[in-house]
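As structure tokens, the structure follows; a few thoughts come after it.
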Ligand code: 3EB
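Residue numbers (the UniProt record's numbering): 1 to 337.
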């Protein structure tokens with residue numbers, strides 16, 4: 001059991017992610033359980049308690065708990081299960097298995113955003129998408145990931161979500177059929193969308209990656225929380241996969257992408273920090289998605305060198321959105337001054 005990472009530098013009602021301690025969190029907003037066993041339904045509401053999302057993957061066993069330590073109201077509406085505390089909302093929904101995902105993903109996304117907004121949380125800043133058969137073709141011969149991207153694209157058009165308001169996102173595979181997704185939204189103010197100069201923005205990807213590009217930003221910064229929520233980051237330079245099927249080089253490129261994203265120049269460029277700030281970035285909770293079980297120990301070793309021994313890291317073995325990708329890393333981080 002890892003030690004939960006409790007932040008000591010601020011009030012205890014801040015948004016926090018804890019790995020592995022579902023029982024140790026007083027007021028969870030939402031609980032995501034990564035496991036090898038499929039549960040049906042995967043998204044559940046519990047009377048008076050935070051919703052749970054079960055994600056079946058090839059290997060792992062940990063819970064990811066989002067909490068703020070304020071009292072949580074939980075419920076369900078329009079097929080969306082949620083927990084909210086007055087400032088933050090966690091919402092989750094499941095799109096059932098289908099021959100193609102596009103229109104169901106579109107509808108479920110629109111419903112989830114509208115449900116969050118109706119509860120009073122219009123600013124969605126972070127999303128996770130778990131896509132069944134992610135790199136296989138659907139009934140139309142379209143890769144499931146591209147099919148998913150089409151549904152998300154149409155939903156964001158309909159919601160009139162501007163590119164500067166795109167949430168940070170992770171989209172990886174699950175053993176379950178269909179698409180499970182969960183999101184974080186807040187009431188009072190939106191996030192700063194942070195892009196990465198080594199990667200072109202997802203919304204500008206050329207059509208070879210799908211008729212609709214991946215609509216996400218590389219990280220979402222919450223200024224009042226001093227919290228940076230970093231999207232799933234992989235070995236992609238420009239819009240191309242770098243070092244297809246080469247694990248050491250993909251690790252190096254992914255760490256390089258994270259360094260450039262969180263580097264002082266990039267944070268200044270996006271007005272996350274001021275010109276004279278000299279603080280450094282501190283990673284708190286890291287999640288690492290690895291395609292092959294046999295690669296986990298190598299990636300763990302590289303992560304311990306990159307993030308240090310004190311950062312909490314959860315490993316998930318599952319498929320990734322492009323067949324040539326072997327590893328993808330997301331994180332939460334704060335800026336210390
Ligand atoms: C990429 O282009 C591919 O589609 O939501 C990372 C994080 C990736 C999120 C998404 C895709 C998505 O960087 C990997």
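Just so it is clear, CB atoms sit at the ideal spot from N, CA and C, and this is done for glycine as well.
- request: At 4 residues or longer, and completely inside the UniProt domain "Chorismatase FkbO/Hyg5-like N-terminal" (64–185): list those alpha helix (DSSP H) runs for me, N to C.
  value: 102–119, 144–158
field: Residue burial classification, residue 188 (beta-carbon count within 10 angstroms, cutoff 16)
entry: As a first step, residue 188 must be located in the chain shown, where it is residue number 188. By the neighbour-count rule (16 or more Cβ atoms within 10 Å), residue 188 is not buried but exposed.
message: Using the three-state DSSP reduction, which class does residue 195 fall into: helix, strand or coil?
response: The residue you call residue 195 lines up with position 195 of the chain shown. Here residue 195 sits in coil by DSSP.
- prompt: What is the DSSP secondary structure of residue 20, counted as helix, strand or coil?
  reply: Counted from its first residue, the chain shown places residue 20 at position 20. If DSSP states are grouped into helix, strand and coil, residue 20 belongs with coil.
message: Quick check on the DSSP output: what are the complete beta strand (DSSP E) runs of length 3 or more inside the segment 237–300, in order along the chain?
response: 280–290
Backbone secondary structure at residue 6 - three-state DSSP: The residue labelled residue 6 in the question sits at position 6 within the chain shown. Here residue 6 scores only 42 on pLDDT, less than 50, and its place in the model should not be relied on; the value that follows carries that caveat. DSSP places residue 6 in coil when its eight states are reduced to three.
message: So, with DSSP's three-state summary, where would you put residue 223?
response: Translated into the one-based positions of the chain shown, residue 223 becomes position 223. Reduced to three states, the DSSP call for residue 223 is helix.
task: Quick one: give me the first and last residue of the beta strand (DSSP E) that residue 29 is part of.
output: In the chain shown, the residue the question calls residue 29 occupies position 29. Segment 28–35, the beta strand (DSSP E) holding residue 29.
- prompt: Apart from the five residues on each side of it in sequence, which residues of its chain come closer than 8 angstroms, Cβ to Cβ, to residue 61?
  reply: Along the chain shown, one-based indexing puts residue 61 at 61. Taken in chain order, the residues that qualify are 34, 35, 36.
message: Taking the alpha carbon of residue 18 as the reference point, which residue from 287, 294, 291 has its own alpha carbon closest?
response: Here residue 18 refers to the residue found at position 18 when the chain shown is read from its first residue. Taking only the C-alpha atoms, the option nearest residue 18 is 287.
field: Validate contact between the segment 129–148 and the segment 167–185 using beta carbons, cut 8 angstroms, 3 pairs
entry: yes
task: Find the nearest neighbour of residue 115 within the set 273, 264, 92, judged by alpha-carbon distance.
output: By one-based count along the chain shown, residue 115 stands at place 115. It is 92.
Per-residue DSSP class, three states only, for residue 309: For the purposes of this step, residue 309 is taken as the residue at position 309 of the chain shown. Coil.
message: What I want to know is whether the C-beta of residue 331 ends up closer than 7 angstroms to one or more non-hydrogen atoms of the ligand 3EB.
response: Taking the first residue of the chain shown as position 1, residue 331 is located at position 331. No.
query: By how many angstroms is the C-alpha of residue 24 removed from the C-alpha of residue 209?
result: One-based indexing of the chain shown puts residue 209 at position 209. One-based indexing of the chain shown puts residue 24 at position 24. Their backbone Cα atoms lie some 42 angstroms apart in a straight line.
query: For the 8 angstroms Cβ check, are there 3 or more pairs between the segment 38–56 and the segment 300–315?
result: no
message: Counting C-beta neighbours from all protein chains within 10 Å, is the total for residue 336 16 or more, i.e. buried, or is it exposed?
response: Your numbering for residue 336 matches position 336 in the chain shown. Exposed, by the Cβ-count rule.
Supposed close pair residue 50, residue 83 - CB separation, criterion 8 angstroms: Mapped onto the chain shown, residue 50 falls at position 50. Mapped onto the chain shown, residue 83 falls at position 83. Contact flag correct, Cβ pair sits at about 4 angstroms.
- prompt: Can you tell which of 284, 264, 270 has its C-alpha closest to the C-alpha of residue 277?
  reply: Position 277 of the chain shown holds residue 277. Answer by Cα proximity: 264.
- prompt: Since residue 102 contacts residue 178 with CB under 8 angstroms, what's their CB separation in whole angstroms?
  reply: Walking along the chain shown from the start, residue 102 turns up at place 102. Walking along the chain shown from the start, residue 178 turns up at place 178. Wrong, their Cβ atoms sit about 13 angstroms apart, outside the cutoff.
query: Which same chain residues, not among the five before or five after residue 216, have their C-beta less than 7 angstroms away from its C-beta?
result: Stepping through the chain shown from its first residue, residue 216 is reached at position 216. 166, 167, 168, 169, 202, 231.
Sequence-distant residues of its chain with Cβ nearer than 7 angstroms to residue 244 (five each side left out): By 1-based counting over the chain shown, the position of residue 244 is 244. If we look at residue 244 and ignore the five residues flanking it on each side, its Cβ neighbours are 324.
- request: Determine the burial state of residue 218: buried for a count of at least 16 other Cβ atoms within 10 Å of its Cβ, exposed for fewer.
  value: Your numbering for residue 218 matches position 218 in the chain shown. It counts as buried.
query: Expressed to the nearest angstrom, what Euclidean distance is found between the alpha-carbon atoms of residue 193 and residue 67?
result: Sequence index remark: in the chain shown, residue 193 carries index 193 (1-based). Sequence index remark: in the chain shown, residue 67 carries index 67 (1-based). Distance between the alpha carbons of residue 193 and residue 67: 22 angstroms.
message: When you measure from the CB of residue 149 to every non-hydrogen atom of the ligand 3EB, does any distance come out below 7 angstroms?
response: Along the chain shown, one-based indexing puts residue 149 at 149. Answer for residue 149: yes, Cβ within range of the ligand 3EB.
field: Assigned secondary structure, residue 48 (DSSP; H/G/I helix, E/B strand, else coil)
entry: As a first step, residue 48 must be located in the chain shown, where it is residue number 48. Of the three classes helix, strand and coil, the one that applies to residue 48 here is coil, per DSSP.
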